[in-house]
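Numbering (UniProt numbering), first residue to last: 1 to 262.
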Amino acid sequence: MAALFVWAAVYKVYHLVDTNTVSPSTLLAAGKELVLFQHESHLYYLHIVLLVYAFLPLTRLLTCRGSKRLVEYFLLLWFALGIFYPTVIHFWPFRLLSGIPLQWRMNMTWAAIGYGVLGYYLKRYPIKKRWAVASLAVGFAMVFGLTVRFSLNKGVLDTQFWEGMSVGVCLMAAGIFALFYAVPASSVPACLTSGARFLAKASFCVYLCHMLFLSIFRNLGMDANWPTPLVGIPLLAGLTFLASLLVYGILSKIPGVKHWLI
Numbered sequence: 001m002a003a004l005f006v007w008a009a010v011y012k013v014y015h016l017v018d019t020n021t022v023s024p025s026t027l028l029a030a031g032k033e034l035v036l037f038q039h040e041s042h043l044y045y046l047h048i049v050l051l052v053y054a055f056l057p058l059t060r061l062l063t064c065r066g067s068k069r070l071v072e073y074f075l076l077l078w079f080a081l082g083i084f085y086p087t088v089i090h091f092w093p094f095r096l097l098s099g100i101p102l103q104w105r106m107n108m109t110w111a112a113i114g115y116g117v118l119g120y121y122l123k124r125y126p127i128k129k130r131w132a133v134a135s136l137a138v139g140f141a142m143v144f145g146l147t148v149r150f151s152l153n154k155g156v157l158d159t160q161f162w163e164g165m166s167v168g169v170c171l172m173a174a175g176i177f178a179l180f181y182a183v184p185a186s187s188v189p190a191c192l193t194s195g196a197r198f199l200a201k202a203s204f205c206v207y208l209c210h211m212l213f214l215s216i217f218r219n220l221g222m223d224a225n226w227p228t229p230l231v232g233i234p235l236l237a238g239l240t241f242l243a244s245l246l247v248y249g250i251l252s253k254i255p256g257v258k259h260w261l262i
């Protein structure tokens, strides 16, 4: 909660300074927006996390006290109503549905709770590597293939199959999680382990501040199309990542900030 509101405030102040509109009235308006959760777009993830954390006592009760069959039943319902249904609802014959059945669909926020239970299940009952690879491959094929097809048909980029609560992304997530969990820690070189540990610790800070640097670079005339998309996209991603890591390196040295804000 502290990280959410502090970083939301940082972005509010940044945009006021960037547009040269700092005044008592704009600061008051920004304060009202903070209270009403009108935050920077990418902070929606933290809005979701608040609900996921609020339901932890219940999901923990399910995973600790529930039988394997009960957990599987929960995951079946979750996948059907929170992953599959939202993916296909706009396609025939599901688009013909009306009335109450349309409300059976879980929205993205509630469906996020299921990913935590899925992670527990894959950890408690590991699947074989070949199934993990198959899940990742099928998921990637769905996301990439359907995105290409629908984008070409529409003439613009279609991102509906990138959604976190879509079938392809869910299969990819399950496959990646299962594969990494299956790798014995003893088989990973120490240098890779330490590097992965550092990136894992820094990842939250990178997520929090990366939009700030994207805005700064855009103001400097650098975007994904500069000088060409082939060069601009990896260049902008790399610079943003490095700048965000630098912020983490600085903030992680400050007592309190390290534990509560990044």
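Ideal Cβ placement from N, Cα and C applies to all residues, glycine included. Every value quoted in this text rests on a predicted model; they were computed, and no experiment measured them.
Buried/exposed call for residue i, threshold 16 Cβ in 10 Å
i: Met1; result: exposed
i: Ile100; result: exposed
i: Ile83; result: buried
i: Ser23; result: exposed
i: Cys205; result: buried
i: Ser98; result: exposed
i: Leu70; result: exposed
i: Leu220; result: exposed
i: Arg105; result: buried
i: residue 295; result: The question about residue 295 has no answer, for the chain in this structure spans 1 to 262.
i: Trp131; result: exposed
i: Cys64; result: exposed
i: Leu236; result: buried
i: Ile254; result: exposed
Given residue i as reference, the closest of the options once Cα atoms are compared
i: Gly164; options: Thr19, Pro86, Leu75 and Arg149; result: Pro86
i: Arg60; options: Gly116, Leu28, Arg95 and Leu239; result: Gly116
i: His47; options: Phe5, Lys68, Thr26 and Ala224; result: Phe5
i: Ser41; options: Tyr207, Leu239 and His259; result: Tyr207
i: Lys128; options: Lys154, Val156 and Phe177; result: Phe177
i: Ser67; options: Tyr121, Ile262, Val247 and His210; result: Tyr121
i: Leu51; options: Leu96, Phe161, Trp110 and Met172; result: Trp110
Continuous alpha helix (DSSP H) stretch holding residue i: start and end
i: Phe74; result: Lys68 to Trp78
i: Arg15; result: Here residue 15 turns out to be His, not Arg, going by the sequence shown. First-last of the alpha helix (DSSP H) with His15: Ala2 to Asp18.
Three-way DSSP call (helix, strand, coil) for residue i in this model
i: Pro57; result: helix
i: Lys128; result: coil
i: Trp92; result: coil
i: Trp226; result: coil
i: Met142; result: helix
i: Ser23; result: coil
i: Leu97; result: coil
i: Ile254; result: coil
i: Asn219; result: helix
i: Arg65; result: helix
i: His259; result: helix
i: Met106; result: coil
i: Glu40; result: coil
- Go through the stretch 149-213 residue by residue and report every complete run of the alpha helix (DSSP H) that reaches 4 residues or more, in order. Correct list: 167-182.
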